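Heads up: the structure comes next, in structure tokens.
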Ligand code: FES
């Protein structure tokens, strides 16, 4: 490929530039904390962010704990980006399942008691740390 100045543009280096899951640089980068937003950006609405080619929903519950979850609800896949922040975590906007900051489903309001006790549902979650006014995942 030629550039505007007639120089040859090198082909992209897959090993150095691709960071999706399973790629060499993606696996390397996932061994380190990655900044995703500032602490003061986490207010009363969850934030959908993209980090290393993956979407995540970051939120601070009403107890002040920060969580980072896969955006697609474990129940029917609704985006948790539209969820409601509560004292115990993030509640899905569709059927109201409530996930804590570790990803454990702690409330299923539309399900029977038997169903709730038999299922141990976990939403994929990422480790989170706040440091120096930043949120790292
Ligand atoms: S899709 Fe989230 S609770 Fe049903």
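Residue numbers (our numbering): 33 to 169.
For glycine and all other residues, C-beta sits at the position ideal for the given N, C-alpha and C.
Remember, it's a predicted structure, so these values are computed and weren't measured experimentally.
Residue i, buried or exposed, once every other Cβ within 10 Å from all chains shown has been counted against 16
i	result
residue 63	exposed
residue 123	buried
residue 142	exposed
residue 165	exposed
residue 100	buried
residue 130	buried
residue 43	exposed
residue 112	buried
residue 149	exposed
residue 53	exposed
Strand pairing of residue i, partner residues [DSSP]
i	result
residue 87	82
residue 139	130
residue 167	69, 162
residue 63	Per DSSP, none; premise fails for residue 63.
residue 92	98
residue 116	123
Where residue i sits in the DSSP three-state scheme
i	result
residue 70	strand
residue 99	strand
residue 123	strand
residue 154	strand
residue 108	coil
residue 148	helix
Sequence-distant residues of the same chain with beta carbon closer than 6 Å to residue i, five excluded per side
i	result
residue 106	153, 155
residue 92	74, 98
residue 168	65, 67, 161
Residues of its chain near residue i, where Cβ-Cβ distance is below 7 Å and the 5 sequence neighbours each way are ignored
i	result
residue 50	57, 58
residue 95	119
Own chain, CB closer than 8 Å to residue i, minus 5 neighbours either side, in chain order
i	result
residue 139	120, 123, 128, 129, 130
residue 158	88, 100, 101, 169
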